[in-house]
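Trainee: First, the structure itself, so that you have it in front of you.
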Amino acid sequence: MSPGKQLPPPSGGGQDLTALLRARHARSDDGDSPAPPAPAPAAPAPVQRPSRAKGPAMDRRSWYMPKESADALAAAVEELHFATRQPKHVIMAALVSVALEQLPAVEQRIRDR
49 MSPGKQLPPP SGGGQDLTAL LRARHARSDD GDSPAPPAPA PAAPAPVQRP
99 SRAKGPAMDR RSWYMPKESA DALAAAVEEL HFATRQPKHV IMAALVSVAL
149 EQLPAVEQRI RDR
């Protein structure tokens, strides 16, 4: 192959590999003229992000807790997530809501420690 010879881009589809290789090594009519340049790829369309559904405002907070409590909470969230197929933020909201409904019992447990 002569230096500087441009090879055509591979054409997809089911073209036979042998035919593709032969076409790349075949000489043009005048012998040394390079193959025409490949057309420039089309610019990708801009990505349209779907608008977020109007839902409750979300917030991220963190608290330190004993590892056993964190592990138990994570296990409960996973179990409820797979049982209900609801998003984890919905499950956390429900767990907190139930805990807040039981606030007097929680306070008593803390006092009894």
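Going by this note's numbering, the first residue of the sequence shown is number 49, and it counts up by one from there.
Just so you know, even glycine gets a beta-carbon here, dropped at the ideal spot from N, CA and C.
1. Sort 91, 65, 141 and 160 by Cα distance to residue 107 and report the nearest one.
2. In whole angstroms, give me the CA-to-CA distance for residue 146 and residue 156.
3. Can you check whether the CB of residue 136 is closer than 7 Å to the CB of residue 125?
4. Below 7 Å between beta carbons: does that hold for residue 72 and residue 55?
5. In three-state DSSP terms, what is residue 117?
Mentor: Taking the structure as given:
1. The shortest Cα separation from residue 107 among 91, 65, 141 and 160 belongs to 141.
2. Spanning the two alpha carbons is a distance of roughly 16 Å.
3. For residue 125 and residue 136, yes; Cβs fall inside 7 Å.
4. Yes; because the gap between Cβ atoms is below 7 Å, this pair is in contact.
5. Correct three-state label for residue 117: helix.
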